[in-house]
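Asks: Per the numbering used here, the sequence shown starts with residue 14, numbered consecutively.
If you scroll down you'll find the structure; I have some questions about it.
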Amino acid sequence: KVDWEAELAIVIGKACKSLNNHEAEDCIFGYTVAQDISARDWQKGGRNGGQFLLGKAMDTFCPLGPAVITKEAIPDVNNLSVRTWVNGELKQNGNTSELIFKPRDIVAYIS
């Protein structure tokens, strides 16, 4: 079974390391759309040794785009609609205000 979930993808514009939350904002070039696709049978099945990420690591499983929008062109990245349609039917309707972590906090953490 293949599942999908729209995500906000952060596009990094320059090298960065060990940043605080405010410094991380300067490393963000922009944003695009990612489709987080998962093969649930691989994630839950015993054949892969219980490795959750293997169900997300198949060819074609994280398409991005089609465009990158610079951060300056987005008035508030913490208030964007995130929607997914499947065969013309709305399946996901969320907002980036519902994210657990703000984009700049994620960049700071992984840097």
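Where is the CB? At the ideal position from N, CA and C, for every residue including glycine.
#1: With 16 other CB atoms within 10 Å as the buried threshold, where does tryptophan 55 fall?
#2: Figure out for me which residue from Leu93, Leu103, Glu38 and Gln48 has the closest Cα to the Cα of aspartate 16.
#3: Pop quiz: threonine 109 and glycine 78 are said to be a contact at Cβ under 8 Å. What is the actual Cβ separation, rounded to whole angstroms?
#4: What does DSSP give as the partner residues of threonine 73 in its beta bridges?
#5: Taking only three categories from DSSP, how would you classify glycine 107?
#6: Measure the C-alpha to C-alpha separation of alanine 52 and proline 88 and round it to an integer number of angstroms.
#7: Below 8 Å between beta carbons: does that hold for arginine 96 and alanine 19?
Replies: On the basis of the supplied data:
#1: It counts as buried.
#2: Here the closest residue by C-alpha is Gln48.
#3: Their Cβ separation, rounded to whole angstroms, is 18 Å, which puts threonine 109 and glycine 78 out of contact at 8 Å.
#4: Partner(s): none; threonine 73 has no beta bridge.
#5: If DSSP states are grouped into helix, strand and coil, glycine 107 belongs with the strands.
#6: Looking at the two C-alpha atoms, the distance is approximately 35 Å.
#7: Cβ atoms of arginine 96 and alanine 19: closer than 8 Å.
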